[in-house]
Amino acid sequence: MVIRTDNLSFSFANQQVVKSLSLQVPAGSIYGFLGPNGAGKTTTIKMLLNLLKIQDGSIHIFDKELQGNRIEILSQIGSLIEQPAIYAHLTGKENLINRAMLLQVNTNRVDEMLKLVRLTNASDKKAGQYSLGMKQRLGIALALLGDPKLLILDEPTNGLDPNGIIEIRELMISLVKEQGKTVFISSHLLGEIERMATHVGIINNGSLLFQGNVKDLENISQPQVHIEADNTVDAANLLKRHNFIVNDINNEHLFVPFTSKQQIGEINTLLVQNGITVYGINKQHKDLEKLFLNITKSN
Amino acid sequence: MKGFLLSFWSEFYKSRKTLGFWSAIILPLFLNLLAVAVFYTKSDKFMMYQPMVLWIQFSMMSLGIMGTLLLPMFVIFIAYSVNSVEHKADTWKTLFSLPLSRWSVYGAKFFYAVFLIFLSLFLFGVFTIAFGNLLGIVKPELKFGAYHMEVQIMQVYFKLFLSSLGILAIQFLLSLLWADFLKPMGIGFIATITGVIAASKNWEYAYAFPYAHPMAAITSMIKQNKGPVRDLEIDIFTKDVFVSLGVAVVVFIAGYFIVRRKSVK
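These protein sequence lines are chains A and B, in that order.
For the first sequence, the residue numbers in the UniProt record's numbering are 1 to 299.
For the second sequence, the residue numbers in the UniProt record's numbering are 1 to 265.
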């Protein structure tokens, strides 16, 4: 495990914001750390970076205890927490040079990083004049500068436009696939994580509700047969009379819990034989968004 | 140690385009140029002075201002400026998640502030000596060349430097803990006024109050020798200087423990 926490807890004054969190982040994974705003994501990340003192529990990173091996562990982590921390009075390039000096990284890497996040043309512009998306990209360049084995990114796509989000996603995937890095990425947007994560942890009110790989998450959500038809009400009544369970009906579509491929064929035949025009019929997984709402509501 | 040096260098790199850094150079240059302008335009008034008195008059133009209100305010400003770089950019969290010990980050920042104060006061001495000699050449009727007190001038500024370290340590810690300018500035300003009053009224315990030290340093600088005054002898290590150094060491170490225990927001 690259990150392992055991019963990690943290309170601000009387409010417990992280409750017995036991994270398991395997090497070479993109671990999506999901939760609504205020769920305790940033607090957890700050503990992982030793910015907040652990009150209860323990953290092991690269199988080493964090507190006792702080510098050794931090030298292999690149991070971006909340808003990118950038010196507004320095240019983008100077921000990177400053960090390169502190990390004792060859300054050639500065240009590479600028190219990677497409800021070469803006490298001599003051970072204070950057757009939010450019700042975020510079923040990612800063996190990647030291060629870390583990990237910890807190909401890295905040403020990025759709193209920017796609670029970051592709960058993360290629870093993991081609360079064997591990990415721990927090977000409150499921769509974003769904498309790149290999593993997911869902947190709400400080507690971990689910942890596992993305397949596990899909399996616990029951697939549905999605039916589009000209008259959904008649179709629903017909199906009910033939002992199908129907849920979620509107003018456009209706859903029936999926059991087998044969079942889809039977439904189709039944509808067509009774004069209902079927526009579409297919198997669908409940998307993460709905699943997430279900999990957080039920807790 | 390497971490400390890297952090120190980074402090310079970050601040080299800020007012905090340039004020350490511009302030001595400006005040000395002002003194030059006064002596140049009113040279007829100063030409009757003995060379030694002339040097004292010339150097006191900057020394007098620095010793009273300006040095404490400058120290307050420098302490604020090295910390505000991080407050403004919200970079404390990044700084403390780098593979550097907390001591390196904290120590380098503190000693960079010390360095800026040293640089500024060193330049005060250098500019005073250089501009005095320059005036002697441009206006030969001002007999700057007939007397030499380079050593004494540098000694006085060194004494001022030592006397400012107590204030610096206190203000540095205040500016580190508070992101806004008004709190450390307000506290510093009130303490400075108190210090000036305490030192100028010769309050017997003024030596124990850091904000009174720069002024006390000026009033205690001349060695009290018996007999007629022939040469100036500067007494650097007076009681107030020792108190200032003591306060600086204690507050600096206490600050380190506060930073180590502090959670970074």
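Positions of the beta carbon are idealized from the N, C-alpha and C atoms, including for glycine.
Computed from a predicted model, the values in this text were never measured in an experiment.
Any idea which residues DSSP pairs residue i with across the strands?
i       : result
P257(A) : Q224(A)
D154(A) : S186(A)
H60(A)  : R4(A), E65(A)
V200(A) : G32(A), G212(A)
S207(A) : N204(A)
N282(A) : H226(A)
F12(A)  : Q15(A)
G78(A)  : L151(A)
Q24(A)  : R4(A)
K126(A) : T91(A)
Do residue i and residue j have their C-beta atoms within less than 7 Å of each other?
i              : j       : result
N32(B)         : S62(B)  : yes
K93(B)         : L51(A)  : yes
G68(A)         : N7(A)   : no
L165(B)        : A217(B) : no
I3(A)          : V17(A)  : no
N98(A)         : S10(B)  : yes
S97(B)         : L49(A)  : yes
L160(A)        : G133(A) : yes
residue 303(A) : V117(A) : Since the first residue shown for chain A is 1 and the last is 299, residue 303(A) is missing from the structure and cannot be characterised.
Y256(B)        : Y106(B) : yes
A197(A)        : G32(A)  : yes
G3(B)          : I76(B)  : no
Q152(B)        : L232(B) : yes
Y112(B)        : V82(B)  : yes
A229(A)        : I276(A) : yes
Using 7 Å as the limit for Cβ to Cβ distance, is residue i near chain A?
i       : result
F96(B)  : yes
D90(B)  : yes
S175(B) : no
Y13(B)  : yes
L63(B)  : no
K42(B)  : no
L121(B) : no
K93(B)  : yes
L135(B) : no
P99(B)  : yes
L6(B)   : yes
Cα separation between residue i and residue j?
i              : j       : result
K17(B)         : L190(A) : 42 Å
E266(A)        : L208(A) : 41 Å
residue 337(A) : E252(A) : Nothing can be reported for residue 337(A), as the shown portion of chain A is limited to 1 through 299.
I202(A)        : K181(A) : 22 Å
S23(B)         : S15(B)  : 11 Å
W178(B)        : H60(A)  : 33 Å
G280(A)        : K149(A) : 46 Å
V243(B)        : L34(A)  : 55 Å
T91(A)         : P214(B) : 38 Å
I236(B)        : L119(B) : 18 Å
I227(A)        : M172(A) : 36 Å
S123(A)        : L145(A) : 15 Å
R261(B)        : L134(B) : 53 Å
L19(B)         : I65(B)  : 21 Å
N243(A)        : V278(A) : 19 Å
K93(A)         : A35(B)  : 41 Å
Can a CB atom of chain B be found closer than 7 Å to the CB of residue i?
i       : result
S11(A)  : no
Y130(A) : no
N106(A) : no
Q51(A)  : Sequence inspection shows Leu at residue 51(A); the Gln mentioned does not correspond to that position. Chain B, which has a Cβ nearer than 7 Å to the Cβ of L51(A), makes this yes.
A85(A)  : yes
M47(A)  : no
H89(A)  : yes
N37(A)  : no
M172(A) : no
Would you mind giving the Cβ-Cβ distance between residue i and residue j, rounded to the nearest angstrom? I have them listed as a contact below 8 Å.
i              : j       : result
I185(A)        : I30(A)  : 7 Å
G78(A)         : A143(A) : 4 Å
F62(A)         : I73(A)  : 6 Å
F258(A)        : V214(A) : Actually they are not in contact, since the Cβ atoms of F258(A) and V214(A) sit about 19 Å apart, beyond 8 Å.
A208(B)        : A199(B) : No, A208(B) and A199(B) are not in contact; Cβ-Cβ is about 11 Å, not under 8 Å.
I117(B)        : I78(B)  : 6 Å
residue 267(B) : T192(B) : A query on residue 267(B) cannot be resolved here, the shown segment of chain B reaching from 1 to 265 and no further.
S22(A)         : T5(A)   : 6 Å
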